[in-house]
Each structure stands twice: as structure tokens, then as C-alpha cells.
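Asker:
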Amino acid sequence: MNDELQSLNQELEALNAELKTKIEQLDAANSDLQNLLLSSQIPMVFLDEELRIRRFTPAATEVFRLIEGDVGRPILDIAARFDASSLVPDAREVLRTLAPREREVHLDDGRCCYLMRILPYRTLANVISGVVVTLVDVTSLKEAELQRGRLAAIVASAEQAIVGATVGGAITTWNAAAERMFGYSEREALDRPVHVLVAPERADELRAVLERVVHGERVEPIETVGVARGGGRVDVSINLAPIHDAAGNIIGASAMVNDITQRKRAEEALRASEEDFRSIFESAVVGKVQCEPEAGRFVRVNRRFAGMLGHDVAELLGKSFHEVTAPEDLDRVSALYGRLLRGEINDFALETRYVTKDGGRLWASATVTAMRDGGGRVLRTMAVVQDITQRKQVEADLIAAREAAEHANRTKDQFLAVLSHELRTPLTPVVTAASRLLRRDDLPEDARRSVEMIQRNAELEARLIDDLLDLTRVVRGKLELVTQTVAVRAVLEHAMEICADEVDAKSIRLTLDVAPGEHWVSADVARLEQVVWNLLKNAVKFSYPGSQIALRCHEQGGQVVIEVRDEGIGIEPEVLPRIFDAFEQGNAATARHFGGLGLGLAISRAIVQLHGGSITASSAGRGAGATFRVFLPAARPPAAVAPVRASPAGAVAPKRPLRILLVEDHEDTAEMMSELLTLTGHAVRIARSVRAALDLAGAEAFDLLVSDLGLPDGSGTDLLESLRSAGNGIKAIALSGYGMEEDRRKTTRVGFLEHLIKPVSFRDLEAAIQRVLAVP
1261 MNDELQSLNQ ELEALNAELK TKIEQLDAAN SDLQNLLLSS QIPMVFLDEE LRIRRFTPAA
1321 TEVFRLIEGD VGRPILDIAA RFDASSLVPD AREVLRTLAP REREVHLDDG RCCYLMRILP
1381 YRTLANVISG VVVTLVDVTS LKEAELQRGR LAAIVASAEQ AIVGATVGGA ITTWNAAAER
1441 MFGYSEREAL DRPVHVLVAP ERADELRAVL ERVVHGERVE PIETVGVARG GGRVDVSINL
1501 APIHDAAGNI IGASAMVNDI TQRKRAEEAL RASEEDFRSI FESAVVGKVQ CEPEAGRFVR
1561 VNRRFAGMLG HDVAELLGKS FHEVTAPEDL DRVSALYGRL LRGEINDFAL ETRYVTKDGG
1621 RLWASATVTA MRDGGGRVLR TMAVVQDITQ RKQVEADLIA AREAAEHANR TKDQFLAVLS
1681 HELRTPLTPV VTAASRLLRR DDLPEDARRS VEMIQRNAEL EARLIDDLLD LTRVVRGKLE
1741 LVTQTVAVRA VLEHAMEICA DEVDAKSIRL TLDVAPGEHW VSADVARLEQ VVWNLLKNAV
1801 KFSYPGSQIA LRCHEQGGQV VIEVRDEGIG IEPEVLPRIF DAFEQGNAAT ARHFGGLGLG
1861 LAISRAIVQL HGGSITASSA GRGAGATFRV FLPAARPPAA VAPVRASPAG AVAPKRPLRI
1921 LLVEDHEDTA EMMSELLTLT GHAVRIARSV RAALDLAGAE AFDLLVSDLG LPDGSGTDLL
1981 ESLRSAGNGI KAIALSGYGM EEDRRKTTRV GFLEHLIKPV SFRDLEAAIQ RVLAVP
């Protein structure tokens, strides 16, 4: 019994040892399988007969979106990264037929492509217990196939003839472009020697180049003559390159053949064009140069340019334009040249000076352009240069002449201003004395008539001076306007008041007829009044005593029409066309009888035209009177209407005795004006210089300053500026024999409220005083 137990024990131990060995082998096999699955880069999923997940490789986790917890789940529950709708049907088909199935699938990124294979899962006992799903990444293979297809398509559709050949020169590939170029079909061309593509006399050249290429030498494209089927010849460029196998061995050569017939013709045409350009360049009557862009060095210079500077052509080549440009102009030229190179400008033109061989200066007009390649890179700069030295000399002479003329004009202006002042100043005491005498009630009638005659002629003399100055301004285009929107009625009424004395003297009935409503124009008030009273005074001058003058205003077609109609001597038909010409006075008898210079109408026309209007004259002839019409563009009414000018006849401020500081260096004028002002109740102190006026203003209080502009130690504007600087806000009226527009602007700027031109009638002075006092 013991022996039997011992024997059984030994058998058990042996069985146990064998079992242990089997277990160890199984563990080793499991370990190997586990390591195989873990190290595999192929996504694999093992499914049982119910298509539940049994196990999977790590690579499958991303493609199938699996985690460890998915073991035992049906594959239908898994949302793979590819369209897996066919997986289950295919797996069941494999379980049914035991035949493997495969198909391509694409991941949802659109880039990766896999070959999905489904095989039966067999146990060691050859029992089918499920399926194995593997995904093989064929992305690179697909891309290679796609690339190869693209290359094949490129070769087939290329415009260039592409030919492949063995190392021995037998043709192996032949694309459609080669067939079009040489006339052989692919079938006819294959296996023929490649040198048949060129002219026989050039075949050795092609063989030699092919030999160099298949021995690994890099060669430049060759230009030769190709021969097409039928013997036709064509200029071609052949670019040979080696063909390598996977191991890098040269197994043949490829030839890219380009038809360069058109290029050859273009090159020939270009050579001819270059010859023409060279001929034109050299024979040009103006200077021409080409420069290397960066340094500006001359690379081509024609004889004309070299001759301008006194050089031979060879002497200038290699020099830069900096060396021949005058130093005083170099910065300006260099700045423009830099902008040209940077592409900021396409070209530039300028007048500059060059330095000649003998050190002199040559004025030239230069136009510089840039010659660029297709990419915009500057290849050359080119300049066309024309000698303008003579023109510059003429310009310099003209400038000198103009400056001399301008100086003469300035001198003339100054002379006219001084002449005006010197002529007006003596008239002021005459007019003032006449005004003073006429105010006396005890003046005998014959003496009164004489004084009135003196006053009229003095004022006529002043009018003639004004007309001459205005005519000078018209001729020189210096008649300036300061416009504002004005009511025409106010202008007409004021002009009538200015002419009242002349009208009364001839017992003329002057009527005003203004159409209903206000009529507005944009005008310089003083100048428009000048036009109206010019027309009125002319009408009075040429009217018979006791006759009538009608002043009318209405609107017509967007224009304001001012009409002056008289019953005077009329205008002859032959005189009408030139009635507005300067110094025109009709016939000699009329000129002698009525006097004057004949400037009023010429000045009036110039003023009206400056306002954008026109003036006309009409008359039925001698003895039938005359009608003058002024047409001005109508204007919109201003937002706020203010009186254009206070009428001298209407009191704009209460009259009261004033303390007046009268500054006048002309003794007679000062005495006469002082007496008249005193007679009207004012207290007057006279100063004959700026210094004396400042001393009086500092010692006494005055209501009004009446000052001449031209004083021995300064001017009336200097005086008022000094008073203003000292805080004295006295109101001021300027008196002056200077009637230029700039004089008026200057007095207004410093603070004078009125500017009266000598000779000043006492009526005008009184009106001005009242207007000034009315200013707040």
C-alpha cells in the first residue's frame, strides 16, 4: 500500500511539475502576446461571436475612441473616428463565410486613410470564436500614388516636351508636347535614340552632354536645332537631368525641350532695337545718359551730353552724376534720386546746374526715369538733359526787369500817394474857409457866390485827384472790394444826400422810385455809392436847370437794376460805344464846356464789373437826355439786418459840445478847422506833432481825436497806437491826403472809426463826428 501511495505521489509530483512548466510557458506566451499588442503600432480590435470587444491594441484607442472600460461592450456602441457603419455587417459576413474582408476608411480629419481588414478569430483548437479587426495606415501610400498621378498628369499635359531616356540614350518616355513638337507618336518614338531629335550636325553635341549627365555631372541647358518629322527645323533649348533609382543610382536621363523659336526672333528683334536705340541715343539733339542705379555712375553717355559739359564721352564713363552736379544743387538732386530708387516716385523732372570741365556752371532741364525688371528692381536710371542756360539768362533778365518794374510801380505808388497828399492838403483850408464864410449870415450875395464858386472848384479838384487815383488802381488791377450784403435803397438815399448841393444849385427835381420790398446785393458800400453818385453827378452836370432826374431801382431776372434817367443834353450815337472809355468826353465842344477828365464812367464800369455786374448807357441822341442802368446780382437778405451807414442828414447821436483834440501839422488847415469846430460849440485844442498830441492827451481829457496821418515825428496811426497802449480809449477820426486802400485798412486796424480824405468839407466832418459818437 505504501508503495502504491509513493508511486501515486511521484506521479502527482511529476504532473505538478509538468503543470507548472505549462503554466510558466502560458505566462510567457501571455507576456509575449501582451508585449506584442502593446508594442504594435497597428490598431487592432478583437471581437467575440456576439461582436463584443474582447481586447484591443493601444493604437486602436485613438482610432476607435476606446478606453479600458469598453472591454465587453458591443462594437456598435463605439463611436469610431471613421464611418463604421459597414463594420458590423462585414464582421457578421466574415463569421458566416470565414472569408476575410477589407475596405478603405478615412478618419474624420480627412487626411488619414486606413485599410480595414476583418479576419476570423481562430482558437488553437481551430474553433472560430470571433473576428479580428485591423487598420493598416495607407495614407503615405495613397499620397504617393496621388503624387505619382499628378506628376504623370503634369508630364502628360506639360507645354514643354519631356523625354525620358536610358543611359544609352534610348527613349523611354514621350509626352504629348513632344509629339506636337516633333510629330512622332509615343509608340513611334519609344526606343529610338534621343539624338534623332536634333539636326545631324548637332547630334554629337547632344551625345556628349548626355554622357556627362549620366556620369553625374551637372550641365547647363543647351540651345540647338531640333528636327521634326518631315525635316522641319526649330530652335530648341534642351535641359538634361539624371534619373535616379531608389538606391540613388543613375538609371537614365530626362530631357525638357522648349521651343525657343519665338524667343530667338525676339532676341534678334531686341538686338535690332538696341542698335536703333544706340543710334538714336548717340544722335539725339539733347543730352542722354544711363546710370548704374546705386552709385549713379555713368554707364552710357551720348556725345551731346558730354559736349555740354566740355568732356569727351570716355572721360565721363565711370564717373557718377554726383561728380558733375553743382554742389549747391546736389542735396536736392540726391533726395529725388533716392526716392526714385525706393519706388516712391516713377520719375522726376527738375532744373539743375552741372559743373563743366572748365569749372563753369551749365543750367539744364533734366528728366530722370528708372528702367525696372518685371519684379520692380531698378536696372538702370536714365536721364534726358537739355541745356537751358540761355533760357535761364533770359529769365534772369526778365526777373530783373520785373523787379525794376515793380520797384518803379512802388515808386509810382509812393509818388501818387505823396502827390495826392500834397495836392489835397492845401485844398482843405480852402474848403474849410469857404464853409466858414458860407455860415455867415452877413456875407454879401456877390461874395457868397464867389465863395461858393471857390468851394465848388476846390471840391472838383479833389474829385479829379480821386478819379486819377482810382483809374490807376483799375489799370493795375489793385481796386479792392470789401463786400457785405446791403440794402440798395440805403445806398441810393445816401448817394442822393451827397449830391444834394449840386442838385439844389441847378434847381433840379431828383426823384427816387424803388420797387416794393427790399432789394439786396453783395457789395462794397463805399464803392457802390461812388458808382451811384458818379452817375447822379454826371446827370446833374449835363442836365438843364429846372429839369428832372429820376433814380429808380427794381429787380429783373435775378438782378437788381439801378437806373439813372435825366432830361439833359443826351449822347450822340457815335459816342455811345465809347462812353465808358477813360478820358472820353464826347465831342470837343462838350469837353470844353463842361470840363472834367472823363474818368467817372470808366471807373464806375470797373467797379460794377468787379461786383460781377454790368453797366449800360442809352440815349435817343442830342438833346434827348440819357439813361444809365447798373445790373448787379441779387443777394439773399442777411440773417440780421443792420443799417449800412448812418445818414449824415439824420442825427445818429445827440449833438453836444465836445472836447476835441485836433492833430494837424498844416497850419492853415488846423486854424480853419479849429475855427469852424469852435463856431459849432466845440472846445478845440490843436497839436502839430505826435509828441505834442501825447502830451495834451496826458494832461487833459478829450471826447474825440481828429488826426492827420502824416505828421512831422510819426503818423496818426502811431499816435493812436500809443494812446491805446496807455489805456486811452478815445474815439478817433483820421484825416489824410492819402487815399489808397491800404491806408484805409491800416487806420481801421489801429482803431480809427472814420477815414476822411482831404479836402474835407465841414458837412462831411460833422456827419462823421455824429456817426462816431453813435458807436457804443
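As numbered in my numbering, residues 1261 to 2036 make up the sequence shown, in order.
Idealized CB from N, CA, C, for every residue including glycine.
1) At what residues does the beta strand (DSSP E) containing residue 1747 begin and finish?
2) Which residue comes first and which comes last in the beta strand (DSSP E) that contains residue 1374?
3) Within 10 angstroms of its Cβ, does residue 1910 collect 16 or more other Cβ (buried), or is it exposed?
4) Please determine, among 1746, 1923 and 1515, the residue with the shortest C-alpha to C-alpha distance to residue 1789.
5) Considering only DSSP beta bridges, list what residue 1453 is partnered with.
6) Going by other Cβ atoms of all chains shown within 10 Å of its Cβ, with 16 needed for buried, is residue 1602 buried or exposed?
7) By the DSSP assignment, the beta strand (DSSP E) with residue 1610 in it spans what residues?
8) So, residue 2066 versus residue 1512, is the Cβ gap smaller than 7 Å?
9) By DSSP, does residue 1307 sit in helix, in strand, or in coil?
10) What residues in its chain sit with their C-beta under 8 Å from that of residue 1420, if we drop five residues either side in the sequence?
11) Let me know the alpha helix (DSSP H) ranges lying completely inside the region 1746-1780, each 4 residues or longer, listed in chain order.
12) Once you ignore the five residues that flank residue 1306 on each side, which residues in its own chain have a CB closer than 6 Å to its CB?
13) Would you call the region 1800-1811 in contact with the region 1752-1764, where contact means no fewer than 3 C-beta pairs closer than 8 Å?
14) Alpha carbon to alpha carbon, how far is residue 1840 from residue 1867?
15) Whose C-beta lies closer than 6 Å to the C-beta of residue 1542 among residues of the same chain, with five residues either side of it excluded?
16) Touching or not, the region 1981-1988 and the region 1934-1943, by the rule of three or more beta carbon pairs under 8 Å?
17) For residue 2029, which of helix, strand or coil comes out of DSSP?
18) Just mark residue 1631 as buried or exposed, buried being the case when its beta carbon has 16 or more other beta carbons within 10 Å.
19) Helix, strand or coil, according to DSSP, for residue 2019 in the structure here?
20) If you follow the beta strand (DSSP E) that residue 1345 is in, where does it begin and where does it stop?
21) Return the CA-CA distance between residue 1786 and residue 1862, expressed in angstroms with no decimal places.
22) What does the alpha-carbon distance come out to for the pair residue 1974 and residue 1949?
23) Starting from the Cα of residue 1423, find the closest Cα among 1749, 1410, 1500 and 1710 and give me that residue.
24) Please report how far the alpha carbon of residue 1479 lies from the alpha carbon of residue 1575, in whole angstroms.
25) Pick helix, strand or coil for residue 1420, following the three-state DSSP scheme.
26) When burial is assigned at 16 or more other CB atoms within 10 Å of the CB, is residue 1360 buried or exposed?
27) Measuring straight from C-alpha to C-alpha, what distance separates residue 1551 and residue 1509?
28) Just to confirm, is the Cβ distance from residue 1621 to residue 1660 under 7 Å?
29) Please report the distance separating the alpha-carbon of residue 1356 from that of residue 1448.
30) State buried or exposed for residue 1662, treating a residue as buried only when at least 16 other CB atoms are found within 10 Å of its CB.
31) Going by beta carbon distance, what residues of the same chain come within less than 6 Å of residue 1224, once the five residues before and after it are set aside?
32) Would you mind reading off the limits of the beta strand (DSSP E) that contains residue 1389?
33) So, is residue 2018 buried or exposed, given that buried needs 16 or more other C-beta atoms within 10 angstroms?
34) Is the region 1890-1898 in contact with the region 1810-1820, if contact means three or more CB pairs nearer than 8 Å?
35) Quick check on the burial criterion: 16 or more other C-beta atoms within 10 angstroms. Buried or exposed for residue 1822?
36) Could you give the DSSP three-state label for residue 1888: helix, strand or coil?
Answerer: Result, derived from the coordinates:
1) 1744-1747
2) 1373-1382
3) Since pLDDT at residue 1910 reaches only 38, below the 50 mark, its modelled position is unreliable, and no value is offered.
4) 1746
5) 1430
6) exposed
7) 1607-1615
8) Nothing in the structure corresponds to residue 2066, since the chain is present only between 1261 and 2036.
9) strand
10) 1437, 1516, 1517 and 1518
11) 1748-1758 and 1760-1765
12) 1314, 1315 and 1392
13) yes
14) 12 Å
15) 1562
16) no
17) helix
18) exposed
19) coil
20) No beta strand (DSSP E) holds residue 1345; DSSP gives it neither H nor E.
21) 17 Å
22) 8 Å
23) 1500
24) 42 Å
25) coil
26) exposed
27) 51 Å
28) no
29) 54 Å
30) exposed
31) There is simply no residue 1224 to check, as the chain begins at 1261 and stops at 2036 in what is shown.
32) 1388-1397
33) buried
34) yes
35) buried
36) strand
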